[in-house]
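Quick note, the numbering used here runs 7 ahead of the 1-based positions in the sequence shown.
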Amino acid sequence: MISYKQNITITLILFFIMSYSYAQNTTHKVLDKSTEHKIDSLLSIMTIEEKVGQMNQLNGFWDATGPVPKEGSAETKYEDLKNGWVGAMLNVRGVKQVKALQKVAVEQTRLGIPLLFGYDVIHGYKTISPIPLAEASSWDLEIIEKSASIAAAEASSSGINWTFAPMVDISRDPRWGRVMEGAGEDPFLGSKIAIARVNGFQGTNLKATNTIAACAKHFAAYGFVESGKEYNSVDIGSSTLHNIVLPPFKAAVDTNVKTVMNSFNELNGIPVTASSYLQRDILKDQWNFNGFVVSDWASINELINWGIAKNKKEAAEIASKAGSDMDMEGSVYIKELSELVRNGIVPESIVDDAARRILRVKFELGLFDDPYKYCNLDNEKSTIYNPKYQEQVLDIAKKSIVLLKNENSILPLKKEKQHIAIIGPLANDKNSPLGSWRLASDDHSAVSVLEGMQEYTGNKLTFSKGVDLITEPTRFIKEVKINTIDTSGFSDAIEIAKIADVVVMVLGEHGYQSGEARSRTELNLPGLQQKLLEAIFKVNQNIVLVLNNGRPLAIPWAAANVPAIVEAWQLGSQTGNAVAQVLYGDYNPSGKLPITFPRHVGQIPIYYNYKNTGRPSNNNNNVFWSHYIDSSNSPLYPFGYGLSYTTFEYSNFNINGSTFKINDTIKVSVDITNTGICKGKEVVQLYIRDMVGSISRPVKELKGFELVDLKKGETKTVHFTLDKTQLGYFNNDGAFVVEPGDFKVFVGGNSLTSLEIKFELID
Ligand code: BGC
8 MISYKQNITI TLILFFIMSY SYAQNTTHKV LDKSTEHKID SLLSIMTIEE
58 KVGQMNQLNG FWDATGPVPK EGSAETKYED LKNGWVGAML NVRGVKQVKA
108 LQKVAVEQTR LGIPLLFGYD VIHGYKTISP IPLAEASSWD LEIIEKSASI
158 AAAEASSSGI NWTFAPMVDI SRDPRWGRVM EGAGEDPFLG SKIAIARVNG
208 FQGTNLKATN TIAACAKHFA AYGFVESGKE YNSVDIGSST LHNIVLPPFK
258 AAVDTNVKTV MNSFNELNGI PVTASSYLQR DILKDQWNFN GFVVSDWASI
308 NELINWGIAK NKKEAAEIAS KAGSDMDMEG SVYIKELSEL VRNGIVPESI
358 VDDAARRILR VKFELGLFDD PYKYCNLDNE KSTIYNPKYQ EQVLDIAKKS
408 IVLLKNENSI LPLKKEKQHI AIIGPLANDK NSPLGSWRLA SDDHSAVSVL
458 EGMQEYTGNK LTFSKGVDLI TEPTRFIKEV KINTIDTSGF SDAIEIAKIA
508 DVVVMVLGEH GYQSGEARSR TELNLPGLQQ KLLEAIFKVN QNIVLVLNNG
558 RPLAIPWAAA NVPAIVEAWQ LGSQTGNAVA QVLYGDYNPS GKLPITFPRH
608 VGQIPIYYNY KNTGRPSNNN NNVFWSHYID SSNSPLYPFG YGLSYTTFEY
658 SNFNINGSTF KINDTIKVSV DITNTGICKG KEVVQLYIRD MVGSISRPVK
708 ELKGFELVDL KKGETKTVHF TLDKTQLGYF NNDGAFVVEP GDFKVFVGGN
758 SLTSLEIKFE LID
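Right, here's the structure in full:
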């Protein structure tokens, strides 16, 4: 008779042999039969505790990215690991550390199932790319994919096999600090960027050692938290959910993203962690997602604070039934779920399904072939900070900059015989440009704007910070302390400004003023920076304002008075070089805003794809129309907006007919000419308006864009196609409908474009 232990050994040997022959290509959505057989055999020998163990993710012993629970010392975590009660870790990094823990899982547990190691690799690991919102400003899908692949290469060389990225939350509220992590306000652009990022992280071969599993987060509607306040309620209707919020998630799932993270918010009264409508009905059933859902940090426990569960037991029951497969650092599943299954409260099939999904990702990553595949010290050494990545992130950074204003051609700067005064608290900062969410990066490792400018030696440069933005050094988990009192540096700055030809002022937000839990009620230049700007303006109006920020800012005074404004966001490791190369014209800026800039915080939410309303204008010259009495309705800078050192002209806007059937493909073309002084790139944007719908339709919706490179004087024709997938929309029942009727199609260089053609769609 074969003993229990021998039986396990034989089964394990069998599936390990089979796993060697497992097909390499994991990018298709059809389940691989041999993998499913291996999972079957593994599940058949797992105890309930071991299956629940797969659903448990523990934080490592440093780098907390959320409130750390009081229970759960290092010793208990090791005990859980050895028992096989842990399926994944987070915040463990470096080959040595990862290997040590993986060894415990593989060599000391009964079944030797390898661990996943998750980490927030959001915009780089050690070499830091621009913040995601900045990258989205490039509208350049190739470099966005490249950025994610660099991040994956560095992180994977350091033992990590799973990133909690991309964040694909659409948001219309810049008060919410996490807009820096996303792609802005538009679902079409957001979907394209979601695809690029998933492809960048996961590559074409997930079993390679330089690709990692991606995670589309935060599912769903987190970007719509009430009044922009973190971790809050969301109350939106079906149309906004299906047409605005969900498309980037669907795009990520269709790109075979391996995991999805749920979100901290509630949606229409149900905390998302408890929402089987979102997690089961939409994600797993309708979209056929076969990866797994990880909770956000302890979001299962938070069901108690939401008043949805009375205790941890109930929280575990509700979340598991709703389809939250893995419990991130909450330890609720590991404590409660096995008993709930034994007592028949949670069906074992729920635990089986969750464990299967998690094991599937482990197989797809090739961890059963080689659990130490990401643990090569030599590779780690040669990959981290590889100089080629600095070159690449510099390229990405330049392309992420948006030129907002350039009067009297103050830019580009002359390269010789000028006195340039560089002023501002962020000008010589090497830390803040790394932005938020750059956990593994080395502090103060960015090239500052001052350092970048010093690379150009033909001019005389002087520097004064003018004022401090923050009063003490800050870290990811700390509140940022802003200087609102000390103006003692103003006089030095005024002195150098008085005698300069041009003043470059580097102002904005500290890198840690945006990101998680960094909601703001104001969108001005924080602290004393506005005062400094106005004081300098009094003595020298030749100002180039370089903004460093993680969200749109409301800066009406600067927009009205300062002749040149450059939106440089937080551009990562190569910030200073990228800014200097743009200011000096060695790179002609080509970025376009992926999110609207308001004039005033009171306009929020403000976005380009708004509804016309019943009273869109003041035709009768009276007060009764949809507007403010103390501000214009229009944004300071609209979605899709950005200037260049050259100019572009659109002509020959054509469509291949005036009436189309629902199944037709409509062809639209436009000529674009570079009419200015130098070569340049333009993002040609295509919008539609469905004039009459069974529910009201937005005044414009982006449905296509192309980044066009043009020599001076050159003309190119840009072609777009439109079909029912772009002309339809989700109605209030969540059904996709294409309705006959009149449409307008627009092209241009930003969302305010009025270059339009009409057509009719018929049955
Ligand atoms: C954030 C997630 C992040 C997780 C792990 C949470 O607080 O909301 O985006 O991935 O922490 O660090």
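By construction, the Cβ of each residue, glycine as well, lies at the ideal position given by its N, Cα and C atoms.
Express the C-alpha separation of Lys380 and Ser41 in angstroms, rounding to a whole number. 21 Å
Bridge-paired residues (DSSP) for Met783: Residue 783 lies beyond the range of the chain shown here (8 to 770); nothing can be said about it.
For the stretch 189 to 197 and the stretch 465 to 478, state whether three or more C-beta atom pairs, one from each stretch, are separated by less than 8 Å. no
Would you kindly check if the distance between the Cβ of Gly515 and the Cβ of Ser433 is under 8 Å? A quick correction: the sequence has Leu, not Ser, at residue 433. Yes, the pair counts as a contact, with Cβ atoms nearer than the cut-off.
Thr83: buried (16+ other C-beta within 10 angstroms of its C-beta) or exposed? exposed
Here's the rule: buried if 16 or more other CB atoms are within 10 angstroms of the residue's CB, otherwise exposed. What is Gln64? buried
Proximity test, His225 beta-carbon vs the ligand BGC heavy atom, cut-off 7 Å: yes
Check Ile315 in the structure and name its three-state DSSP category. coil
Tell me which same chain residues have a C-beta within less than 6 Å of the C-beta of Leu759, skipping the five on either side of it? Pro645
What whole-angstrom Cβ distance do Ile598 and Gly649 have, given they're in contact under 8 Å? Checking the displayed sequence, the identity of residue 598 turns out to be Gly instead of Ile. Confirmed, Cβ separation roughly 5 Å.
Leaving out the 5 sequence neighbours to the left and right, which residues in its chain are closer than 6 Å to Tyr736 when beta-carbon positions are compared? Asn250
Taking the alpha-carbon of Glu767 as reference, which of Glu746, Val754 and Gly755 has the nearest alpha-carbon? Glu746
Check the C-beta distance from Gly459 over to Asn584 and give it rounded, since I have them as a contact under 8 Å. 5 Å
Who does Val511 pair with in a DSSP beta bridge? Ile429 and Val551
Please report the distance separating the alpha-carbon of Lys248 from that of Ala203. Position check: residue 248 holds Leu in this sequence, whereas Lys was assumed. Leu248 and Ala203: Cα-Cα distance of roughly 22 Å.
Cα-Cα separation, Glu192 to Asn272: 18 Å
Taking the CB atoms as reference points, tell me whether Val102 and Leu108 lie closer together than 8 Å. no
Should the stretch 613 to 622 be regarded as contacting the stretch 714 to 726, the criterion being three or more beta carbon pairs within less than 8 Å? no
Given Tyr238, which residues of its chain have a CB within under 6 Å of its CB, disregarding the five upstream and five downstream residues? Phe271
With a cut-off of 8 Å, do at least 3 Cβ pairs link the stretch 602 to 610 to the stretch 635 to 642? yes
Check whether the Cβ of Met333 sits closer than 7 Å to any heavy atom of the ligand BGC, and report yes or no. no
In terms of residue numbering, what span does the alpha helix (DSSP H) encompassing Arg364 cover? Glu355 to Leu372
Counterpart residues of Ala322 in DSSP-defined beta bridges: The partner list for Ala322 (beta bridge, DSSP) is empty, contrary to what the question assumes.
How would you label Gly337, buried or exposed, when you count the other beta carbons within 10 angstroms and need 16 or more for buried? buried
Helix, strand or coil, according to DSSP, for Gly700 in the structure here? coil
Following a CB-centred definition, is Phe497 positioned closer than 7 Å to any heavy atom of the ligand BGC? no
Under 8 Å: do the stretch 426 to 440 and the stretch 493 to 510 share three or more Cβ pairs, one atom per stretch? yes
Secondary structure of Phe497, DSSP reduced to three states: helix
Measure the C-alpha to C-alpha separation of Asn627 and Glu708 and round it to an integer number of angstroms. 28 Å
Check the DSSP bridge columns for Phe667 and list the partner residues they point to. Leu768
For Tyr340, which residues of its own chain have a beta-carbon under 6 Å away from its beta-carbon, when the five flanking residues on both sides are left out? Val59, Met62, Asn63, Ala323 and Asp334
Along the beta strand (DSSP E) that carries Asp678, what are the first and last residues, could you check? Ile673 to Asn681
Whose C-alpha, out of Asp242, Lys388, His225 and Phe226, is nearest the C-alpha of Glu233? Asp242
Alpha carbon to alpha carbon, how far is Thr266 from Asn275? Give it in angstroms, no decimals. 24 Å
What first and last residue would you give for the beta strand (DSSP E) that runs through Met96? Ala95 to Leu97
Quick one: does Pro194 have its CB under 8 Å from some CB of chain D? Absent from the structure is chain D; it holds one protein chain and no more.
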